[in-house]
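Structure, as structure tokens:
There are 2 protein chains.
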Amino acid sequence: MPKQTFFNLPDDKREQIVQVAIDEFADNDYDHVSISRIVARAGIAKGSFYQYFDDKEDLYGYLIGLLSEAKRRYMSLDQPDPTHSGIFAYLRWTVEAGLGFELAFPRLTKVGLSALSYSGFPTSIDAQIHAATQGFYQQLVETGQRQGDIAPDLDPKLAAVIFEAVLTAAGHYVMEQVLHADAHGSAHYEQEHAGDRLIMEHPAVKELFARTMDILEHGMGNRAALPPPNEKQQAELES
Amino acid sequence: MPKQTFFNLPDDKREQIVQVAIDEFADNDYDHVSISRIVARAGIAKGSFYQYFDDKEDLYGYLIGLLSEAKRRYMSLDQPDPTHSGIFAYLRWTVEAGLGFELAFPRLTKVGLSALSYSGFPTSIDAQIHAATQGFYQQLVETGQRQGDIAPDLDPKLAAVIFEAVLTAAGHYVMEQVLHADAHGSAHYEQEHAGDRLIMEHPAVKELFARTMDILEHGMGNRAALPPPNEKQQAELES
DNA sequence: CTATAATGTGACTGACCGGTCATATGACCG
DNA sequence: CGGTCATATGACCGGTCAGTCACATTATAG
Chain A
14 MPKQTFFNLP DDKREQIVQV AIDEFADNDY DHVSISRIVA RAGIAKGSFY QYFDDKEDLY
74 GYLIGLLSEA KRRYMSLDQP DPTHSGIFAY LRWTVEAGLG FELAFPRLTK VGLSALSYSG
134 FPTSIDAQIH AATQGFYQQL VETGQRQGDI APDLDPKLAA VIFEAVLTAA GHYVMEQVLH
194 ADAHGSAHYE QEHAGDRLIM EHPAVKELFA RTMDILEHGM GNRAALPPPN EKQQAELES
Chain B
14 MPKQTFFNLP DDKREQIVQV AIDEFADNDY DHVSISRIVA RAGIAKGSFY QYFDDKEDLY
74 GYLIGLLSEA KRRYMSLDQP DPTHSGIFAY LRWTVEAGLG FELAFPRLTK VGLSALSYSG
134 FPTSIDAQIH AATQGFYQQL VETGQRQGDI APDLDPKLAA VIFEAVLTAA GHYVMEQVLH
194 ADAHGSAHYE QEHAGDRLIM EHPAVKELFA RTMDILEHGM GNRAALPPPN EKQQAELES
């Protein structure tokens, strides 16, 4: 936790420091983040930094806290019920919301990503996050199996791995496409991007996601509950 | 390229240096690889290192060369023809061979992986490898579409992204499982692991891969060429 | 105005880094 | 023996880093 001194700072100075720190952590992995650079860019003395934070890890933890709180708030809007709308619709919403957050807070998101890349940490924040994500998907798969959305004989762990891989990859793919048509402006901390979920309405993006969900649904879906090929056709094909 | 001096070294000393370097690059990303540590662990003087190599990048390039040559040789064995055996069988072979290599040379493989994680390089080796991998999968998808193995209306780029994501993730998943039942011994450079493709014969691994390929095949396969639900059933379902 | 507490400051410490260089060693040759 | 040449060595250089500390400045209170 930052020291009280930090929170006593005038708002603009405090926010300036946070913004500079976010930029630094977004552009460098943990070990390459330089406190010297941060204080230089923020226009404060090195000693002042250590009046505000215990050390580098303290600052980092604070930023991660900002990130997770912002994401928690963002993701809790309009959250649908997976048992009502079906597992794949819920999944689509989750990915869309995650992408929306990334578009609204790209720098803050990158702070979290560069955290994942390297970790000289207690029991590795990386592993914790990964385990949590896996748990989330696995639970989703099990729910889907109970509801008959997903093939019941599918190993939930494998399914979770595949879900995470595909959705993450598709998300990155979309972000890449979107960012190439972007002005590259450095986003401002806590700036409001209320309308940013709109890119999801772009036809190409919709199509892309629809196709991805389609692949997952046909690949993992409960074929017993879907129209099966009847015996006559099967016989014809085998002849 | 290492200097001639390096190749004039007695074999055991040279191999000792290579082994230490592989371990160092396997355990740290490029910027955290310490020449000081390498020379200490290899029992040579700092100055001697610079008699053998121009600089850190020279050593790294040499290791990458060893890796790619070893992998090229390993992957060129028993390579099946994608046009004969069908795209998905070919894909299964590719993943199996890649996994076999990783099991035979785990430390060397990690050298390549930590290369991917960070790169302060010319035009980023990372990006080059990624582009090459994507190209490989994309070409495979296009071939599959021409052969009727893959749905013709599927965007090959998206399909390539998904292939890479799923197969990489499934590979890591298997490696994780396998390594947990392993003695953790540090492998010796260029040691022969001729029988290592055998783990692919383990029933659980076979099942896992079969299921993964099944998901991809059903998700991306050419449904027009597969037994489609007939109109009667379709109508029944819609009622 | 003075006493006290809070905050700001940047030179400094000690550690590690990649890379250099003057010097030492030892093998081979005449 | 002397001369030459490849190789070995580790102290050293300039740099960056996280973190400290003695001191300066400012705010607050009596």
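Protein chains in written order, with the working numbering: chain A, 14 to 252; chain B, 14 to 252.
Heads up, the beta-carbon is just placed ideally off N, CA and C, and yes, glycines get one too.
Keep in mind that this is a model prediction, so the values were computed, not measured.
Fill in: Within chain A, the residues that alanine 102 (chain B) reaches when beta carbons sit closer than 8 Å
Going along chain A, no residue has its Cβ under 8 Å from alanine 102 (chain B), so there is no contact; the nearest lies around 17 Å.
Discussion item. So that I know if they touch, is there some Cβ in chain A lying closer than 9 Å to that of glycine 232 (chain B)?
Written reply: yes
Practice prompt. Measure from the C-beta of tyrosine 43 (chain B) to each C-beta in chain A and report whether the shortest distance is under 9 Å.
Written response: no
Discussion item. By alpha-carbon positions, which one of B:Leu104, B:Glu214, B:Pro119 ends up nearest to isoleucine 175 (chain B)?
Written reply: B:Leu104
Worksheet item: When burial is assigned at 16 or more other CB atoms within 10 Å of the CB, is aspartate 297 (chain B) buried or exposed?
Response: Summary: the structure shown does not reach residue 297 (chain B), with chain B confined to residues 14 through 252, and so no result is reported for it.
Discussion item. Alpha carbons only, please: which of B:Glu109, B:Pro93, B:Val52 is nearest the one belonging to leucine 180 (chain B)?
Written reply: B:Glu109
Practice prompt. Go to lysine 59 (chain A), then tell me how far its alpha helix (DSSP H) extends in each direction, as first and last residue.
Written response: 59-65
Discussion item. Let me check understanding here. Comparing Cα to Cα, which of B:Phe19, B:Tyr186, B:Leu221 lies closest to tyrosine 65 (chain B)?
Written reply: B:Phe19
Item to complete: Would you mind stating whether glutamate 115 (chain B) and methionine 226 (chain B) have Cβ atoms separated by less than 9 Å?
Response: no
Practice prompt. Please say whether valine 218 (chain B) and glutamine 190 (chain B) have beta carbons closer to each other than 9 Å?
Written response: yes
Discussion item. If I measure Cβ to Cβ from arginine 50 (chain B) and keep anything under 7 Å in the same chain, skipping five residues before and after, which residues do I get?
Written reply: Glu37
Worksheet entry | Buried/exposed call for glycine 234 (chain A), threshold 16 Cβ in 10 Å | buried
Worksheet item: isoleucine 228 (chain B) and isoleucine 163 (chain B): beta carbons closer than 9 Å?
Response: no
Worksheet item: Taking a cut of 9 Å between CB atoms, which residues from the stretch 216-228 of chain A lie near chain B?
Response: Glu220, Leu221, Arg224, Thr225, Asp227, Ile228
Practice prompt. Please work out which residues of its chain come closer than 7 Å, Cβ to Cβ, to leucine 80 (chain A), disregarding the five sequence neighbours upstream and downstream, and give them in chain order.
Written response: Leu121, Val124, Gly125
Discussion item. Please report the distance separating the alpha-carbon of alanine 183 (chain B) from that of proline 119 (chain B).
Written reply: 17 Å
Worksheet item: What span of residues does the alpha helix (DSSP H) with glycine 232 (chain B) cover, start to end?
Response: 216-233
Worksheet item: alpha helix (DSSP H) containing aspartate 36 (chain B): first to last residue?
Response: 24-40
Item to complete: Anything in the stretch 15-44 of chain A with a Cβ closer than 8 Å to a Cβ of chain B? List those residues in chain order, please.
Response: Asp42, Asp44
Fill in: Rounded distance between the beta-carbons of threonine 156 (chain A) and proline 95 (chain A), thought under 8 Å
6 Å
Item to complete: Please work out which residues of its chain come closer than 6 Å, Cβ to Cβ, to tyrosine 150 (chain B), disregarding the five sequence neighbours upstream and downstream, and give them in chain order.
Response: Ala173, Phe176, Glu177
Worksheet entry | Buried versus exposed, by CB contacts within 10 Å (16 or more), glycine 232 (chain B) | buried
Worksheet item: Alpha carbon to alpha carbon, how far is glutamine 17 (chain A) from glutamate 82 (chain B)?
Response: 57 Å
Fill in: Closest residue to proline 93 (chain B) among B:Arg86, B:Thr107, B:Lys84, B:Arg85 (Cα-Cα distance)
B:Thr107
Fill in: alanine 117 (chain B) versus tyrosine 87 (chain B) - alpha carbon distance
10 Å
Worksheet entry | For arginine 54 (chain A) and valine 31 (chain A), believed in contact at Cβ under 8 Å, the rounded distance | Not quite, the Cβ-Cβ distance comes to about 12 Å (not below 8 Å), so this is no contact.
Fill in: Check whether tyrosine 73 (chain A) and lysine 170 (chain B) have beta carbons under 9 Å apart
no
Discussion item. Let's test the definition: count the other Cβ atoms within 10 Å of the Cβ of glutamate 214 (chain A) and tell me whether it reaches 16, buried, or not, exposed.
Written reply: exposed
Practice prompt. Can you check DSSP and say which residues form a bridge with isoleucine 48 (chain B)?
Written response: In the DSSP output, where bridge partners are listed per residue, isoleucine 48 (chain B) has none listed.
Worksheet item: Which bits of chain A does valine 179 (chain B) rub up against, with CB to CB less than 7 Å?
Response: Ile175, Ala178, Val179
Practice prompt. Please report how far the alpha carbon of glutamate 220 (chain B) lies from the alpha carbon of aspartate 166 (chain A), in whole angstroms.
Written response: 12 Å
Worksheet item: Roughly how far, in whole angstroms, is the beta-carbon of lysine 26 (chain A) from the beta-carbon of isoleucine 48 (chain A), given that I think they are within contact range, below 8 Å?
Response: That pair is no contact at about 17 Å.
Worksheet item: Along the chain, where does the alpha helix (DSSP H) that runs through alanine 117 (chain A) open and close?
Response: 100-117
Worksheet item: So which of B:Gln160, B:Pro23, B:Asp24 has the shortest CA-CA distance to histidine 97 (chain B)?
Response: B:Gln160
Discussion item. Just to confirm the assignment, what range does the alpha helix (DSSP H) spanning methionine 88 (chain B) have?
Written reply: 69-88
Worksheet item: Checking contacts by CB at 9 Å: is aspartate 168 (chain A) closer than that to chain B?
Response: yes
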